[in-house]
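Using my numbering, read the sequence shown as starting at 88 and increasing by one per residue.
Heads up, the beta-carbon is just placed ideally off N, CA and C, and yes, glycines get one too.
Note that the coordinates shown come from a computational prediction; the quantities given were computed from them, not determined experimentally.
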Amino acid sequence: MEVERVQAIASSLSTTEIDSIPSEFIRSEKEQPALTTFNGPIPEIPTIDLSDPDQDNLVRMIANASQEWGFFQVVNHGIPIEVIKKLQSVGKEFFELPLEEKEAYAKPPDSQSLEGYGTRLQKEIEGKKAWVDHLFHNVWPPSRINYQFWPKNPPSYREANEEYAKCLKGVVDKLLMLLSLGLGLEGHVIKEAVGGDELEYLLKINYYPPCPRPDLALGVPPHTDMSTITVLVPNDVPGLQVFKDDLWFDAKYIPNALVIHIGDQTQILSNGKFKSVLHRSTVNKETARMSWPVFCSPPPEMVVGPLPQLVNEENPAKYKTKKYKDYEYCKLNKLPQ
Ligand SMILES: O=C(O)CCC(=O)C(=O)O
């Protein structure tokens, strides 16, 4: 095993009476959620009704949210509630299996891909650990699926995930079209620039066990997503925070909404007009938090850079044009792009 699972650490602590956590999970004062979360009135983080028949209005709302926050939630997105509930229940069942059963899906030590059950994702800054375990596997396109990493238990895991992926495609296509229109381009431009129907959907399940000191630890540390967009389903335990104007704001839990993160590839394509949101997650003292982000990213060989239609002498390219796999390598290893 690469490192001890946080779920195992949490359950060993729950048998003691002491309210403490191992020091490698205690964040510096600059990062501790109790000291850095904004306490005043929270500005309205955009919630967008995706069933709005007025397309111009939708385009405007999504473009504004992507420019100002790089983050919004969508309601009336068309994915049936039962499909989302099944995705959540099979994921929860998997994380409630005994550790040894989950280890059968562990990410192989020398694997180049992110797929598998695991704990550490990126190089740790200042040696600090994140209070979270995860499972990653691709859900689309079929040619990129490796069922080796899809749990066989519960038996309905595969059906629930396939159903969700099928429904999600419609939402992602619509969002990419609206984002494209919001840049003043034809609706197909962004999707084509990130691989068209080869756009890859990587599902991650985050499992944040209850934490005796949620004031000191973080779930996922601050980061932007390297994807084009990320679509996230949370459980009902709040914890996602977004950074804006130098402050960390709690994103409120909206039942049945999908959370959308603008990722680095959209920031690059739009030459900085749309912003990739810096976000992090906090943890809860009593209850396990879970989330299901799907990172929609270009295929590894796809070359991505600022769209030529958006670059000119007054507005030169702000980012390099490079293969997505090279972008990903630098990001995961915290190397300059
Ligand atoms: O759990 C969350 O709400 C955020 C998860 C996240 O940002 C990630 O897994 O990259």
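In the DSSP output, what is GLU82 paired with across the bridge? The chain is shown from 88 up to 424; residue 82 falls before or after that span and cannot be answered.
Cα-Cα separation between SER200 and ARG300, rounded to whole angstroms: 32 Å
Given 7 Å as the limit, tell me if PRO321 has its C-beta closer than that to any heavy atom belonging to ligand 1. yes
Using the beta-carbon count (16 or more within 10 Å), is VAL370 buried or exposed? The residue in question, VAL370, is buried, as its Cβ has 16 or more Cβ neighbours within 10 Å.
Cα separation between PRO297 and GLN175? The C-alpha of GLN175 is placed about 18 Å away from the C-alpha of PRO297.
Between which two residues does the alpha helix (DSSP H) carrying SER99 extend? Counting along the chain, the unbroken alpha helix (DSSP H) around SER99 starts and ends at 93 to 101.
Let me check you understand the geometry: is the CB of SER464 closer than 7 Å to at least one non-hydrogen atom of ligand 1? As shown, the chain starts at 88 and ends at 424. That puts residue 464 outside it, with no answer to give.
Give the secondary structure of GLY471 by DSSP, where H, G and I count as helix, E and B as strand, and everything else as coil. The shown model of the chain, from 88 to 424, leaves out residue 471, and the question about it has no answer.
Quick one: grab the DSSP three-state call for ARG376. strand
Locate the beta strand (DSSP E) running through GLY203, then write down its first and last residues. 203 to 205
Thinking C-alpha only, which one of THR206, ALA344, THR311 is nearest LEU255? ALA344
Name the one or two DSSP bridge partners that TYR425 has. This structure cannot speak to residue 425, because the chain is shown only from 88 to 424.
Find out if the Cβ-Cβ distance for the pair VAL226, ALA252 is shorter than 8 Å. A contact, by the Cβ cut-off of 8 Å.
Other residues of its chain near ASP323: CB distance less than 8 Å, five sequence neighbours each side excluded: TYR340, PRO342
Per DSSP, what are the beta-bridge partners of ALA193 in this structure? TYR204
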